[in-house]
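Be aware that the sequence shown starts at -4, since it is given in our numbering, and climbs by one per residue.
Note that beta-carbon positions come from the ideal geometry of N, C-alpha and C, so glycine has one too.
Bear in mind that the values here come from a model prediction, so they are computed numbers and not experimental data.
Some notes on the structure that comes next.
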Amino acid sequence: MATSRSKSDVANKIVSMFLHTLSKKVCAEFGLTVGDQAYTEHVSSVFKDKCIYCQDLLEKDKLAVEHLDGMNRMRAGLHIPGNVAVSCRKCNSEKRRDDQAKDLIHPGSGWMSFLSHDETRCKTTCKTCAFWAGKFPESQSRVEYLFMIRTRISGFRDRYKSVISWNMENKDVIRNQSEKLYRLCQEFATKEIKDLADQVNVSLGSVYQATSRLKRSG
Ligand SMILES: [Zn+2]
Ligand SMILES: [Zn+2]
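This is how it looks when you write it as structure tokens:
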């Protein structure tokens, strides 16, 4: 169990490396960058240095670089302008439920789904609905708040329409490539781990030999 968990962690990490490499290629092609001053300034002017989701003030040790469309094999988001912003750690971790769902809980993409848990759409109250209800106890203002934030983020992304559209239009391709890489990593790890473990002599005899050697030397 622990081995299969760590194998998928490794495979997810490799998929993330693939998505970063692809992002660099896409940015170069579109002549864009996320690392420059202009982009940082635009992000902070739109979101006023607050969490893009819950609008809490961002404390230095409690913020996370946030990919609106998650950079994983489910959401196929990229490290490109319009997809990179800053959120609080709490929202970043709450959003993972939507980011990692094989089929999106609510339509759109990871960030839209995360911002649609207003208790009017989920069949039974889910953890994300409970999270937003904790932030905004009054239901009408919660619905309005989440709608306002979705609109603001859409507006922010509009400025980078060309590259964001490219990402959207190529989601299936990116997703397929990521799935393929994920599967290859898992297969490679399973086979190599077994083969290498098989090569280690773990017969009882060799253990006895080792202990008696230890006794002799001690
Ligand atoms: Zn937040
Ligand atoms: Zn919900």
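### Query
Would you say Gln95 and Met66 are within 7 Å of each other, going by their C-beta atoms?
Position 100 of the sequence shown, counted from the start, is the residue given in the question as residue 95. Position 71 of the sequence shown, counted from the start, is the residue given in the question as residue 66. Gln95 is not a Cβ neighbour of Met66, given a cutoff of 7 Å.
### Message
Using a strict less-than 5 Å threshold between each residue's beta carbon and the heavy atoms of ligand 2, what residues do you get?
### Response
Selection around ligand 2 by beta-carbon proximity, strictly under 5 Å to any non-hydrogen atom, yields His112, Cys117, Cys121, Thr123 and Cys124 in chain order.
### Pocket of ligand 1 defined by Cβ to heavy atom distance under 6 Å
Going along the chain, the residues that qualify are Cys46, Tyr48, Cys49, Asp51, Ser82, Cys83, Lys85 and Cys86.
### Message
Please list the terminal residues of the continuous beta strand (DSSP E) segment that includes Leu58.
### Response
Sequence index remark: in the sequence shown, residue 58 carries index 63 (1-based). Leu58 to His62 is the span of the beta strand (DSSP E), which, as asked, contains Leu58.
### Query
Going by DSSP, which residues form a beta bridge with Val195?
One-based indexing of the sequence shown puts residue 195 at position 200. Under DSSP, Val195 shares a beta bridge with no residue.
### Query
Do the region 28 to 40 and the region 100 to 115 touch if we need at least three Cβ pairs shorter than 8 Å?
No, they do not touch.
#### Entry: Which of helix, strand or coil DSSP assigns to Lys45
Translated into the one-based positions of the sequence shown, residue 45 becomes position 50. Residue state, collapsed to three classes: strand.
### Message
Check for me: the beta strand (DSSP E) holding Ala80 runs from which residue to which?
### Response
Start at 1 with the first residue of the sequence shown, and residue 80 comes out as number 85. Per DSSP, Ala80 belongs to the beta strand (DSSP E) from Val79 to Cys83.
### Query
Is there at least one non-hydrogen atom of ligand 4 closer than 6 Å to the beta-carbon of Trp161?
This structure does not include ligand 4; its bound ligands are ligand 1 and ligand 2.
#### Entry: Beta-carbon spacing of Arg84, Asp113 below 7 Å
Counting from 1 along the sequence shown, the entry for residue 84 is found at position 89. Counting from 1 along the sequence shown, the entry for residue 113 is found at position 118. Result no, Cβ atoms of Arg84 and Asp113 do not sit closer than 7 Å.
### Message
My output table needs one value for Leu17: the three-state DSSP class, helix, strand or coil.
### Response
As a first step, residue 17 is located in the sequence shown; it is residue number 22 there, counting from the start. In this structure, Leu17 counts as helix in the three-state DSSP scheme.
### Query
Taking just the CA atoms, how far does Ile169 sit from Met163?
Here residue 163 corresponds to residue number 168 of the sequence shown, with the count starting at 1. Here residue 169 corresponds to residue number 174 of the sequence shown, with the count starting at 1. Straight-line Cα distance between these residues: approximately 10 Å.
#### Entry: Inter-residue spacing [alpha-carbon to alpha-carbon] between Arg211 and Ser3
Position 216 of the sequence shown holds residue 211. Position 8 of the sequence shown holds residue 3. The alpha-carbon atoms of Arg211 and Ser3 are separated by roughly 44 Å.
### Task
May I have a chain-ordered list of the beta strand (DSSP E) segments no shorter than 3 residues that lie completely inside the region 110 to 168?
Correct list: empty.
### Run of the alpha helix (DSSP H) containing Asp94, from where it starts to where it stops
Indexing the sequence shown from 1 puts residue 94 at position 99. For Asp94, the uninterrupted alpha helix (DSSP H) run begins and ends at Arg91 to Asp94, by DSSP.
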